[in-house]
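In my numbering, the protein residues as written are 110 to 220. Backbone N, C-alpha and C fix where the C-beta goes; we use that ideal spot for every residue, glycine too. Just so we're clear, the structure is a prediction, and the values are computed from it rather than from any experiment.
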Amino acid sequence: MARLLTLLLFVLFLLALLISGEIVAGHNGVEEELSEDASNSKDGKGNLKPSQCAGECERRCSRTHHKKPCLFFCNKCCAKCLCVPPGYYGNKETCPCYNNWKNKKGGPKCP
């Protein structure tokens, strides 16, 4: 009886995580269709127009709890690199300029 109750609680916990959006099966934080905005040109810059940065950064930062700094640095990086990686996090390898720009401490500058 105790095992059945434990199993039921575990299943309810997983269901709660799924509903809250913490786990999305098959997505891993990446949109299904990759953005065409990220290109690997010789200079590492993408093919976004500066006017498209705000919308792409809004998408990129839409799931973070630190939205204001995310938008600030994403827009700064997009203005320089003309590229925003697909998805909500990671995937920076699709945008070398965005990926390789570091802060003073050597950490990533772009979200």
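By DSSP, does residue i sit in helix, in strand, or in coil?
| i | result |
| --- | --- |
| Lys218 | coil |
| Thr173 | coil |
| Lys201 | helix |
| Leu157 | coil |
| Leu180 | helix |
For the alpha helix (DSSP H) holding residue i, just list the boundary residues, first then last.
| i | result |
| --- | --- |
| Glu167 | 162-169 |
From the DSSP output, which residues share a beta bridge with residue i?
| i | result |
| --- | --- |
| Lys211 | Pro217 |
Mind reading off the beta-carbon distance from residue i to residue j? Whole number of angstroms is fine, and I expect it under 8 angstroms.
| i | j | result |
| --- | --- | --- |
| Lys154 | Cys206 | 5 angstroms |
| Cys170 | Cys179 | 4 angstroms |
| Pro220 | Cys183 | 5 angstroms |
Point to revise | Cβ pair count under 8 angstroms reaching 3, the segment 178-193 against the segment 203-220 | key: yes
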